[in-house]
């Protein structure tokens with residue numbers, strides 16, 4: 001295959017894969033945030049049981065490789081006679097993994113909010129969910145944005161693992177293209193550039209959002 | 001003219017309140033009654049349990065035994081059918097706290113919100129006002145504490161005194177019936193203390209029931225109706241400013257007040273002026289409210305304003321200011 005043809009097929013194949021990668025990463029990141037928030041809340045709970053369960057979950061999810069979790073999630077339900085859509089297994093595996101890491105990031109964020117701010121909210125009679133939404137989360141997000149963005153970048157890279165269960169994201173498409181063109185060097189270079197571009201964009205926009213979140217507070 | 005005695009029920013009653021932090025017994029049986037429109041100053045050395053007592057009143061701190069009654073209703077615990085003490089549902093505590101405004105030593109403003117957002121947050125979410133109404137109330141409150149032109153500043157862009165006044169506005173916007181102040185001026189530059197005390201004085205003048213933990217003896221002497229001296233988890237003595245500052249029975253109380261400097265000496269000459277405005281002590285509710293029309297719902301009706309004016313001036317003179 002000559003160079004112009006190769007370029008055309010790369011341009012036709014890979015950007016679609018990148019969109020799938022980003023879509024699944026974003027979905028997993030949001031689901032992971034909810035999981036992280038939940039684990040963090042349990043971890044900080046005065047109930048011993050909740051604290052312990054959250055601790056075990058976080059350790060397990062951080063300690064087991066994503067690929068193993070992914071394969072378990074994909075094959076276990078089918079052993080029980082249920083069909084597991086590969087996209088769902090992919091999102092779940094990534095969300096559980098990033099959720100465990102996000103839980104620890106958020107815990108540090110919540111811990112750094114002075115207790116007095118909460119007392120003021122309690123004294124005024126604010127409801128717990130309102131306190132979380134209006135008082136805590138805006139500040140915690142501002143404080144932990146750099147780490148959360150870091151986590152999102154790691155997640156985007158980890159999402160290449162889901163190609164093994166036949167989700168046609170960026171890496172999977174590259175492999176398919178290589179199988180057709182026999183030009184691994186060019187195709188994988190293009191793949192690397194796309195991953196890098198996506199992550200640079202995430203870092204850049206994360207930085208912008210962070211600046212907006214902390215605007216005004218410095219005085 | 002014979003004094004008219006009106007029996008007004010206390011707005012706040014503490015009965016034999018005990019509190020431990022681990023092995024440390026911080027409150028050792030506190031009994032106190034506070035009546036409508038009364039300004040009560042809790043004074044005493046650091047670590048004597050003043051702040052803890054204040055925090056037990058709005059149940060930011062749980063108490064171990066005894067009871068805290070707000071308008072006759074016990075906060076934090078209810079009694080089960082077999083007489084055991086059971087924790088009150090969180091929701092119920094939340095409702096009871098609406099009658100109590102609190103101002104903290106470290107302001108505790110929310111740094112990511114502007115002044116007006118800080119004030120309007122609870123007006124919107126707890127009082128369920130719509131945003132226009134909430135902003136109107138909040139701007140009124142900021143104007144009341146002298147910060148009308150600062151509404152869009154973030155806490156970090158305000159001085160300590162301004163931040164504390166925003167915190168007072170935030171509490172007042174909820175229309176509490178009792179205000180609790182926990183060392184409101186202790187973390188302020190001396191220069192900025194006056195602004196905050198002025199706001200508190202005018203609040204007292206309007207007839208707000210106030211409980212103030214303070215080291216500002218001038219404020220206590222000038223504005224308070226009742227001084228409560230605490231040490232080591234106990235109330236050592238309570239009475240009018242006049243009595244506590246000049247005729248304290250307890251030696252420890254006298255020694256503590258003397259340590260507040262030589263300015264005390266000038267006070268002896270000035271204090272006679274306040275005698276005619278002696279407003280009674282807390283243990284005698286009938287005497288205390290002679291002439292006070294302040295019923296539960298409308299403390300403003302009480303004609304305490306002149307009393308406060310007099311007391312304030314007396315207080316200034318008392319400290320040779």
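Residue numbers (my numbering), protein chains in the order written: chain L, 1 to 219; chain E, 1 to 321.
Glycine residues also receive a C-beta, built at the ideal position from the N, C-alpha and C atoms.
Less than 8 Å separates the beta-carbon of residue 28(E) from that of residue 233(E). A straight-line Cα-Cα distance of about 30 Å links residue 26(E) and residue 161(E). Non-local beta-carbon contacts of residue 172(E) in its own chain, meaning distances under 6 Å to residues more than five positions away in sequence, involve 141 in chain order. Put simply, the backbone Cα of residue 206(L) is about 51 Å away from that of residue 71(E). For residue 142(L), the chain E residues whose Cβ falls inside 9 Å of its Cβ are 112, in order along the chain. With a cut-off of 8 Å on Cβ pairs, the segment 17-29 of chain L is in contact with the segment 189-209 of chain L, counting three or more such pairs. Residue 12(E) sits away from residue 53(E), with the two beta carbons spaced by 8 Å or more. For residue 125(E), the neighbours in chain L by C-beta distance under 8 Å run, in chain order, 126, 127, 130, 134. Within the model, the alpha-carbon separation for residue 210(L) versus residue 145(L) is close to 6 Å. In the same chain as residue 177(L), and ignoring 5 residues on each side of it, the C-beta atoms closer than 6 Å to its own belong to 13, 187, in chain order.
Interface annotation, residue 116(L): in contact with chain E, CB-CB separation under 8 Å. Proximity of chain L to residue 104(E) at the Cβ level (cut-off 9 Å) is accounted for by 116, 119, 120, 123, in chain order. Residue 60(E) is not a Cβ neighbour of residue 50(E), given a cutoff of 8 Å.
Going by DSSP, residue 199(L) is part of the alpha helix (DSSP H) stretching over 184-213. Counting only unbroken stretches of 4 or more residues, the alpha helix (DSSP H) elements lying wholly within the segment 18-80 of chain E are 50-57, in sequence order. The contact set of residue 138(L) on chain E, defined by CB atoms closer than 8 Å, consists of 112 in chain order. When rounded, the separation of the alpha-carbon atoms in residue 23(E) and residue 119(L) is 24 Å.
At a cut-off of 4 residues, the continuous stretches assigned as alpha helix (DSSP H) that sit fully inside the segment 214-266 of chain E are 217-223, 241-247, 251-258. Look at the beta carbons and you see the segment 100-112 of chain E touching the segment 114-131 of chain L: at least three pairs across the two are nearer than 8 Å. Annotated three-state conformation of residue 11(E) is coil, per DSSP. Beyond the five residues adjoining it in sequence on each side, residue 244(E) comes within less than 7 Å, by CB distance, of 227, 229, 237, 253 in the same chain, given in chain order. Per DSSP, the continuous alpha helix (DSSP H) segment holding residue 73(L) begins and ends at 66-79. With respect to the 8 Å criterion, residue 17(E) and residue 210(E) are not classified as neighbours on the basis of their beta carbons.
For the segment 134-165 of chain E, the residues whose beta carbon sits under 9 Å from a beta carbon of chain L are, in order, 153, 154, 155, 156, 157, 158. The Cβ atoms of residue 140(L) and residue 101(L) lie no closer than 8 Å to each other.
For residue 250(E), no Cβ of chain L is located within less than 8 Å of the residue's own Cβ. By a beta-carbon distance limit of 8 Å, residue 138(E) does not contact residue 126(E). Their separation comes to about 13 Å.
If you draw a 10 Å sphere on the C-beta of residue 77(E), you find 16 or more other C-beta atoms in it, and that means buried. Counting only unbroken stretches of 3 or more residues, no beta strand (DSSP E) element lies wholly within the segment 141-189 of chain L. Here the segment 143-154 of chain E does not lie against the segment 174-181 of chain E, with fewer than 3 beta-carbon pairs under 8 Å apart. Residue 169(E) has a beta carbon lying at 8 Å or more from every beta carbon in chain L. Residue nearest to residue 157(L) within the set 98(L), 125(L), 136(L), 127(L) is 98(L) (criterion: CA-CA distance). Here residue 102(E) is bridged, per DSSP, to 180(E).
Under DSSP, residue 209(E) shares a beta bridge with 178(E). The segment 211-225 of chain E makes contact with the segment 183-194 of chain E, as at least three CB pairs between them are under 8 Å. At a cut-off of 8 Å between C-beta atoms, residue 60(E) counts as an interface residue with respect to chain L.
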